[in-house]
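Colleague: Under the working numbering, the letters of the sequence shown match residues 2 to 108, in that order. Even for Gly, the Cβ is constructed at its ideal location relative to N, Cα and C. If you scroll down you'll find the structure; I have some questions about it.
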Amino acid sequence: MFFLFPSFRIDALEIPNRRIGKTATALVKKLCRDNPAERLGSGSGGVNDIRKHRWFMGFDWEGLRTRTLKPPIIPKVSNPADVSNFDNYPPDEDIPPDEFSGWDEGF
Numbered sequence: 002m003f004f005l006f007p008s009f010r011i012d013a014l015e016i017p018n019r020r021i022g023k024t025a026t027a028l029v030k031k032l033c034r035d036n037p038a039e040r041l042g043s044g045s046g047g048v049n050d051i052r053k054h055r056w057f058m059g060f061d062w063e064g065l066r067t068r069t070l071k072p073p074i075i076p077k078v079s080n081p082a083d084v085s086n087f088d089n090y091p092p093d094e095d096i097p098p099d100e101f102s103g104w105d106e107g108f
């Protein structure tokens, strides 16, 4: 199954939230290049090119690898089913229609 998306220019990408800095915006643009060969991490340096990006400066990659990295936020929970740290959203009122196009007949 193929999905078609309208083409867009990543150079024209605008990040609307002013709290997202130029370094983070540059990282997103480099990861979202239209041509996969031009994306950050797809060159000869591989994933190390991503690790060396300025946005990750000072990040403890070894701590992540060894699972010893201290989390920036430790939420307080009262029990395993505690969902008090999540926002409440009203349930969807619209039930999606049944889909009978037959796209999955070959599976």
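So, is leucine 41 buried or exposed, given that buried needs 16 or more other C-beta atoms within 10 angstroms?
Modeller: Taking the first residue of the sequence shown as 1, we reach residue 41 at position 40. Result: buried.
Colleague: Which runs of the alpha helix (DSSP H) spanning at least 4 residues fall entirely within the segment 21 to 64, listed in chain order?
Modeller: 23 to 32, 48 to 52
Colleague: Three-state secondary structure (DSSP) at leucine 5?
Modeller: Residue 5 sits at position 4 when you count from the first residue of the sequence shown. Low per-residue confidence applies at leucine 5: pLDDT is 49, beneath 50, and the placement is therefore not dependable enough to give any value.
Colleague: Tell me the rounded alpha-carbon separation between lysine 77 and glutamate 106.
Modeller: In the sequence shown, counting from the first residue as 1, residue 77 sits at position 76. In the sequence shown, counting from the first residue as 1, residue 106 sits at position 105. So the alpha carbons of these two residues sit roughly 47 Å apart.
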